[in-house]
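Written below as structure tokens is the structure these notes are about.
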Ligand SMILES: Nc1ncnc2c1ncn2[C@@H]1O[C@H](COP(=O)(O)OP(=O)(O)O)[C@@H](O)[C@H]1O
Ligand SMILES: [Mg+2]
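Chains as they are written, first to last, in the numbering used here: chain A, 1 to 244; chain B, 245 to 503.
This is the structure in structure tokens:
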């Protein structure tokens, strides 16, 4: 079933044509990556899908319903972790539940239940400034997940991390996803990351961004370190590289 | 770290002691000087022997200052939120607020006395006039400089305007708010004193005028000491409240120091 469908999106900022006829499809329980050069308009697309910004043309459908320009349906993790520095990690992560009208005590209890599987156990009462970069991203991801776990937009969630932490986070994400039901749209400019995580990759062109090509990644799951060196992986990587 | 902290307190207090000692010695040696500048020991003795009278007046001044201060805070929070939320109100009020601050208090004070009598009301009004402005402006500045992306995040999760203020805007503006409070805290005592100078029945300002007219210079200084102590105490209380309300800020500062 189609979870999310974006059809013919156009967006310009003044004279800056940013998105050109962009169409994307995300099926139930699928992991889809958008791979493109920076400044091409990937984040702008997510702003449109999340409803924060309105496209000049085109529509956003969620489960066949028109959600263009409507916020509050999909969960959106932006490039920065955007944790509120004045709230503890547990309170930060509980915010989406509070916004849905759940009482504070119940929200905290529910959120706390996910702390160990998100690798945050013991840091419930810490403030964001006390956490490492990787942990902050995991907290932001948990907050995203608690808002809406069926459709998640992740904008370069690991972009600011060092290479080793990044690799660990990718493996951790795959592992968590096995037990969670979620459809994910994922922005990255890291080719390896896109192949390693995705079922499908949309490669974007330079600005104005159009979908240059769609790759199906048919690597078996669960994926691990050996996935990174297998022949199918390298073949897809070569194809993508030749395209860019 | 610990040593740094303790030396940073030792140096200013030893400078203070040096100045007091010099002052003591100088005014004990010269009678002319002592007439204008009584030695600290004498001021202290005057203060202690007059403590009851002083306390009577202090209570009044404190009442006026704190009442005005609290009203200012409420007024400032309302104004700042309105000005932040509604552009028309911001544009309209901004110039009025600035203008309200250009009128000299010493001109306004006698007018207030004529309009509102010799009671506490004109004093409280003067306190409000000098106090609400710094709080309003700093809070407004804090509200306006909130991270837009944080707001967008909350909006993307369907937060209402009220929730945006409660969860992001007001907490983000807290450091600015407290900076404004600290400025206004000292102004509030000063404002009450100025109001009392112009005319009234009691209060430290009235007392100060009275002892000055009878050339009791030591009592004038004793009053000054009380006024300084009140201001310092108010600032301290505000600082303690600041630390209690924003434990996260302390952690961030510590972290920055370590780096
Ligand atoms: N609100 C905006 N107003 C004007 N220009 C914008 C706005 N948002 C993004 N842009 C511009 O659109 C282009 C694409 O930005 P973005 O979507 O952030 O790219 P990406 O996420 O692919 O790096 C950039 O050149 C950026 O400067
Ligand atoms: Mg981006």
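Don't be surprised by glycine CBs; every beta carbon is placed ideally from N, CA and C. Remember, it's a predicted structure, so these values are computed and weren't measured experimentally.
C-alpha distance - residue i paired with residue j, whole-angstrom precision
i: residue 86 (chain A); j: residue 410 (chain B); result: 12 Å
i: residue 165 (chain A); j: residue 215 (chain A); result: 27 Å
i: residue 208 (chain A); j: residue 7 (chain A); result: 16 Å
i: residue 55 (chain A); j: residue 18 (chain A); result: 11 Å
i: residue 444 (chain B); j: residue 351 (chain B); result: 16 Å
i: residue 240 (chain A); j: residue 382 (chain B); result: 52 Å
i: residue 329 (chain B); j: residue 387 (chain B); result: 9 Å
i: residue 483 (chain B); j: residue 76 (chain A); result: 38 Å
i: residue 261 (chain B); j: residue 267 (chain B); result: 10 Å
i: residue 315 (chain B); j: residue 108 (chain A); result: 36 Å
i: residue 308 (chain B); j: residue 473 (chain B); result: 16 Å
i: residue 74 (chain A); j: residue 154 (chain A); result: 11 Å
i: residue 60 (chain A); j: residue 81 (chain A); result: 25 Å
i: residue 475 (chain B); j: residue 494 (chain B); result: 24 Å
i: residue 148 (chain A); j: residue 37 (chain A); result: 28 Å
i: residue 121 (chain A); j: residue 183 (chain A); result: 25 Å
i: residue 16 (chain A); j: residue 317 (chain B); result: 46 Å
i: residue 190 (chain A); j: residue 479 (chain B); result: 52 Å
i: residue 314 (chain A); j: residue 91 (chain A); result: Nothing can be reported for residue 314 (chain A): it is not among the residues displayed for chain A, which extend from 1 to 244.
i: residue 321 (chain A); j: residue 211 (chain A); result: Nothing in the structure corresponds to residue 321 (chain A), since chain A is present only between 1 and 244.
i: residue 231 (chain A); j: residue 243 (chain A); result: 19 Å
i: residue 272 (chain B); j: residue 346 (chain B); result: 43 Å
i: residue 290 (chain B); j: residue 297 (chain B); result: 11 Å
i: residue 140 (chain A); j: residue 338 (chain B); result: 38 Å
i: residue 40 (chain A); j: residue 185 (chain A); result: 17 Å
i: residue 332 (chain B); j: residue 385 (chain B); result: 17 Å
CB contact below 7 Å: residue i versus chain A
i: residue 403 (chain B); result: yes
i: residue 489 (chain B); result: no
i: residue 496 (chain B); result: yes
i: residue 415 (chain B); result: yes
i: residue 394 (chain B); result: yes
i: residue 473 (chain B); result: no
i: residue 399 (chain B); result: yes
i: residue 492 (chain B); result: yes
i: residue 253 (chain B); result: no
i: residue 499 (chain B); result: yes
i: residue 245 (chain B); result: Any reading at residue 245 (chain B) must be qualified, since the residue scores a pLDDT of 47, below 50, and its modelled position is unreliable; no value is offered.
heavy atom of ligand 2 below 6 Å from residue i C-beta
i: residue 43 (chain A); result: yes
Heavy atom of ligand 1 within 6 Å of residue i beta-carbon
i: residue 188 (chain A); result: no
i: residue 400 (chain B); result: no
i: residue 210 (chain A); result: no
i: residue 40 (chain A); result: yes
i: residue 71 (chain A); result: no
i: residue 13 (chain A); result: yes
Proximity to residue i [Cα-Cα], best of the options
i: residue 199 (chain A); options: A:233, A:138, A:97, A:82; result: A:233
i: residue 204 (chain A); options: A:187, A:195, A:217, A:65; result: A:187
i: residue 421 (chain B); options: B:403, B:397, B:376, B:406; result: B:376
i: residue 202 (chain A); options: A:148, A:31, A:98; result: A:31
i: residue 173 (chain A); options: A:242, A:147, A:210, A:135; result: A:135
i: residue 192 (chain A); options: A:154, A:163, A:177, A:185; result: A:163
i: residue 432 (chain B); options: B:258, B:304, B:289; result: B:304
i: residue 413 (chain B); options: B:326, B:288, B:274; result: B:326
i: residue 196 (chain A); options: A:150, A:235, A:179; result: A:235
i: residue 447 (chain B); options: B:300, B:501, B:291; result: B:300
i: residue 94 (chain A); options: B:398, B:501, B:346; result: B:398
i: residue 403 (chain B); options: A:96, A:224, A:180; result: A:96
i: residue 362 (chain B); options: B:442, B:454, B:259, B:487; result: B:442
i: residue 497 (chain B); options: B:419, B:313, B:407; result: B:419
i: residue 374 (chain B); options: B:434, B:423, B:334; result: B:434
Cutoff 7 Å: residue i Cβ touching any chain B Cβ
i: residue 159 (chain A); result: no
i: residue 76 (chain A); result: yes
i: residue 96 (chain A); result: yes
i: residue 72 (chain A); result: yes
i: residue 172 (chain A); result: no
i: residue 147 (chain A); result: yes
i: residue 55 (chain A); result: no
i: residue 127 (chain A); result: yes
i: residue 141 (chain A); result: no
i: residue 99 (chain A); result: yes
i: residue 267 (chain A); result: Nothing can be reported for residue 267 (chain A), as the shown portion of chain A is limited to 1 through 244.
i: residue 45 (chain A); result: no
i: residue 82 (chain A); result: yes
Closer than 6 Å: residue i CB and nearest ligand 4 heavy atom
i: residue 18 (chain A); result: Among the ligands in the structure shown, ligand 4 does not appear; only ligand 1 and ligand 2 can be found there.
>> For the region 327 to 346 of chain B against the region 270 to 289 of chain B, do three or more pairs of beta-carbon atoms, one drawn from each stretch, fall closer than 8 Å, so that the two count as touching?
In response: no
> Do the region 465 to 484 of chain B and the region 375 to 393 of chain B meet, that is, are 3 or more Cβ pairs less than 8 Å apart?
Replying inline: no
>> For the structure I just gave you, are there three or more beta carbon pairs, one from the region 430 to 438 of chain B and one from the region 363 to 372 of chain B, closer than 8 Å?
In response: yes
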